[in-house]
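Those letters in the sequence shown? Residues -4 to 476, by our numbering.
Glycine included, every Cβ here is placed at the ideal spot set by N, Cα and C.
Please read these numbers as outputs of a predicted model, since none were measured by experiment.
Each remark here refers to the structure printed beneath this line.
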Amino acid sequence: RAAGGENPTFQKLQQWFKANGGGLNMRAMFDGDLERFNKFSTTLKTDDGEILLDYSKNLITQEVMDMLVAMAKARGVEEAREKMFSGEKINFTEGRAVLHVALRNRSNKPITVDGKDVMPEVNRVLDKMKAFCQRVRSGDWKGFSGKSITDVVNIGIGGSDLGPLMVTEALKPYSTGGPNVWFVSNIDGTHLAKTLAHLNAETTLFIIASKTFTTQETITNAESARDWFLQTAGDVKVKDFGIDTENMFEFWDWVGGRYSLWSAIGLSIALHIGTSDCQTWLLSSPLDQNVPVLLALLGVWYINFFQAETQALLPYDQYMHRFAAYFQQGDMESNGKYITKDGSRVNHHTGPIVWGEPGTNGQHAFYQLIHQGTRMIPADFLIPAQSQHPIRDSLHHKILVANFLAQTEALMKGKTPDEARKELEAGGLKGEALEKLLPHKVFEGNKPSNSIVFKKLSPFTLGALVGEYWQYWWYIQCVFY
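What follows is the structure, encoded as structure tokens:
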């Protein structure tokens, strides 16, 4: 198939954009079509409430969306998905299958690699994780001195750190009765030293999260943690300290690190929130797969036609404060390449710089650039309809929601010179002072955004968002690039 910019459907879209792209105006499109929201939004029903995706505040028409979908089909997105699910070694640079989807295959439908069904091994490891976590959380599994475990330290980096850290932070409200979980990733000794300063060796469990056990940062931190443990323990019984094979959890080469949340790399998650909630997280049902396709194609649209260089992820939930960092790795590691599968250089742009912070912190840090800067920054806004902490009769959450709605509307509508003038006049300004200030109060608007609203941040909802929105989105964009 013709790659990216050489594809006829891509070229057709280029021609359309040259003729019409400059005239796309969201404010005018909303004014001219009262059904725009209904046309460009979808509500997904899940076992844990509905998830709304509103993509109406984008620089799109139905014709554009039809051409984007045609481009996806021409690039073989549907066939590529089947290749992934069938166990074909689509990671040809390493000669590996890409089967993280098997980790959530609760139908137990056979998924094969080299003619072998991997599901029995997947289930065996997941069952082993469940049993281990139950023993630790119940106090049955004890430290060397016979005391129960109070703290768990996950030592890993990249996908062995960012994902588990993001999830444990997001699901803190569900951690009742579990041990404290700490994460050490940086080779800078400060990270490990400051963590160990809080811990008691008698009640601390270390998880060495590594796919190869050759990553310099992880192995160095693990060895230093072992030295601290042995010096603190001071007991002849632990002089031959090592890792019991019973405490090793298999992690297969067909699971990429950035996709490994549902594998043994997620052991820290299960220890933190418990096996019941973790099972809910693991088994979250696939959503309508048209949704990640739409999000992926919108990304291609902005990167390659509007020359957008970044993508902002803006969760309006403090528990999701590591959300953008996790997806930053996933997207930029997956699609941060300039060579196609056949070894030639691409003739189009590939993945964006992914970044973000939770709202409303970001509003007081960088939203100025999104609203009035010279670069287009497509943004995804996420918010739960219900707060985990409805203090003061949900006053805080009401203000949070109001900010969420106001920001997406302001990005779309902007503020015209006439609107800005009326505001300044209402504030008592007039004459030369008004005219001098007026240009600075104008917002061009027409800035694209998606709004994703869900009932409440829960293990199920988070699993659905991670697994079906963004992880599948990366793959779809990868197929195009």
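Q | Cβ neighbour criterion (16 or more within 10 Å) applied to Lys206 | A | Buried, since its Cβ has 16 or more Cβ neighbours within 10 Å.
Q | N- and C-terminal bounds of the alpha helix (DSSP H) containing Ala307 | A | Taken as a continuous stretch (DSSP letters only), Ala307 belongs to no alpha helix (DSSP H), being part of the beta strand (DSSP E) at 305 to 310.
Q. Taking Leu452 as the reference, which of Tyr311, Glu245, His435, Ile203 has the closest Cα?
A. Considering only alpha carbons, the answer is Tyr311.
Q | 8 Å Cβ cutoff met for Asn342 and Glu45 | A | no
Q. In the DSSP assignment, what residue or residues form a beta bridge with Pro379?
A. Phe449
Q) What is the DSSP secondary structure of Ile152, reduced to helix, strand or coil? A) coil
**Q.** Sub-8 Å separation of Gly187 and Ala228 beta-carbons
**A.** Sequence check: residue 187 is Leu here, not Gly. Contact: no.
Q.
At the level of alpha carbons, what is the spacing between Ile55 and Gly462?
A. If you take the alpha carbons of Ile55 and Gly462, they lie about 26 Å apart.
Q) Run through DSSP, which three-state label would Lys431 get? A) Three-state result, Lys431: helix.
Q | Length of the line joining the Cα atoms of Glu420 and Leu429 | A | Rounded to the nearest angstrom, the two C-alpha atoms are 8 Å apart.
Q. By DSSP, does Val179 sit in helix, in strand, or in coil?
A. If DSSP states are grouped into helix, strand and coil, Val179 belongs with the strands.
Q.
Cutting at 7 Å between CB atoms, please list the residues of its own chain near Asn297, excluding the five before and the five after it.
A. The sequence shown places Tyr at residue 297, not Asn. Within the same chain, Ala303, Met371, Pro373, Pro443 come within 7 Å of Tyr297 by CB-CB distance, once the 5 residues on both sides are set aside.
Q.
Just verifying my parser: in three-state terms, what is the DSSP assignment at Lys111?
A. Residue state for Lys111 is assigned as strand, using DSSP reduced to three classes.
Q: Could you tell me the distance, in whole angstroms, from the CA atom of Lys234 to the CA atom of Leu293?
A: Reliability fails at Lys234, whose pLDDT of 47 lies under 50, so the model's placement of it is uncertain and the value that follows must be treated cautiously. Approximately 57 Å between the Cα atoms of the pair.
**Q.** Buried/exposed call for Leu277, threshold 16 Cβ in 10 Å
**A.** Unreliable placement is indicated for Leu277, whose pLDDT of 44 sits below 50; the coordinate value is still reported in the next sentence. Counting every other CB atom within 10 Å of its CB across the protein chains shown gives Leu277 a total of 16 or more, marking it as buried.
Q. Leaving out the 5 sequence neighbours to the left and right, which residues in its chain are closer than 8 Å to Thr369 when beta-carbon positions are compared?
A. none
Q. What did DSSP end up calling Arg31 once you bin it into helix, strand or coil?
A. In the three-state reduction of the DSSP assignment, Arg31 falls in the helix class.
Q) Per DSSP, Leu39 is paired with what? A) DSSP output for Leu39 lists Ile46 as bridge partner(s).
**Q.** C-alpha distance - Lys410 paired with Asn441, whole-angstrom precision
**A.** 10 Å
Q | Nearest-angstrom beta carbon gap, Arg22 and Lys417 [assumed within contact, 8 Å] | A | Their Cβ separation, rounded to whole angstroms, is 17 Å, which puts Lys417 and Arg22 out of contact at 8 Å.
Q: Report yes or no: do the segment 188 to 201 and the segment 172 to 179 share at least 3 C-beta pairs separated by less than 8 Å?
A: yes
Q: Please work out which residues of its chain come closer than 8 Å, Cβ to Cβ, to Pro105, disregarding the five sequence neighbours upstream and downstream, and give them in chain order.
A: Asp112, Met114
Q) Ends of the alpha helix (DSSP H) at Phe12? A) 3 to 15
Q) Are the Cβ atoms of Pro454 and Leu166 separated by less than 8 Å? A) Yes, the Cβ-Cβ distance between Pro454 and Leu166 is below 8 Å.
Q.
Which of the three DSSP states is assigned to Lys408 in this structure?
A. helix
Q: Take Leu157 and list the residues in its own chain whose beta-carbon comes closer than 7 Å to its own, dropping the five residues that flank it on each side.
A: Ala320, Tyr321, Gln324
Q: Give the DSSP bridge partners of Val286, in chain order.
A: In DSSP, Val286 forms no bridge with anything.
Q. In chain order, what residues of the same chain have a beta carbon less than 7 Å from the beta carbon of Leu299, not counting five sequence neighbours either side?
A. This sequence places Asn at residue 299; Leu is not what is there. His343, His344, listed in sequence order.
Q. Quick one: is Tyr476 buried, meaning 16 or more other Cβ sit within 10 Å of its Cβ, or exposed?
A. buried
Q | Three-way DSSP call (helix, strand, coil) for Ser263 in this model | A | Reduced to three states, the DSSP call for Ser263 is helix.
Q. Is the beta carbon of Phe246 sitting closer than 8 Å to the one on Ser263?
A. no
(Q) Can you tell me where the beta strand (DSSP E) holding Thr163 begins and where it ends? (A) Note, Thr163: premise wrong, no beta strand (DSSP E); alpha helix (DSSP H) at 157 to 165.
Q: Measure the alpha-carbon distance for Glu439 versus Gln367 and round it to whole angstroms.
A: 7 Å
(Q) On the CB-based measure, 16 or more other CB atoms within 10 Å of its CB, does His392 come out buried or exposed? (A) buried
Q: State yes or no: is the C-beta of Leu433 within less than 8 Å of the C-beta of Ala415?
A: yes
Q. Which value, in whole angstroms, describes the spacing of the CA atoms of Phe32 and Ala401?
A. 16 Å
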